[in-house]
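This note's numbering puts the sequence shown at residues 6 to 87. Every residue, glycine too, gets a C-beta built ideally from N, C-alpha and C. Beneath this line is the structure, given in structure tokens, with notes to follow.
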Amino acid sequence: PISGIYYPIATLPAWLQPVAWCLPSSHVFEGMRTVMFEHRFDVDRFAAAAELNVLYIVLAAIVFLRAFEVARARGLLLQSGE
């Protein structure tokens, strides 16, 4: 519901709208509303969703690599094989 699949983001409480705009799916659903009701493709919404996806993937990779380094340094990784 926060990403606006059932209703526009503008109907959410003011304090929750910035949270919703941090989700790539919010931009996708609002973009689809523009396609359906205004009969035009909103490139800005598509770009925002793509940028957020790239940002989150990069952040996830950084967190994963850092956690992997810490686990390796502490000897927490299971050794398998012979």
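8 Å Cβ cutoff met for residue i and residue j
{"i": "P23", "j": "L57", "result": "no"}
{"i": "P13", "j": "R38", "result": "yes"}
{"i": "A25", "j": "I10", "result": "no"}
Local conformation of residue i per DSSP, three classes
{"i": "F176", "result": "No information on residue 176 is available, as it lies outside the stretch 6 to 87 that the chain covers here."}
{"i": "G80", "result": "coil"}
{"i": "W26", "result": "helix"}
{"i": "A65", "result": "helix"}
{"i": "I7", "result": "coil"}
{"i": "L21", "result": "coil"}
Pick from the options that is closest to residue i, judged by C-alpha positions
{"i": "R50", "options": "W20, F42, H32 and Y61", "result": "H32"}
{"i": "F34", "options": "L21, A54 and Y61", "result": "A54"}
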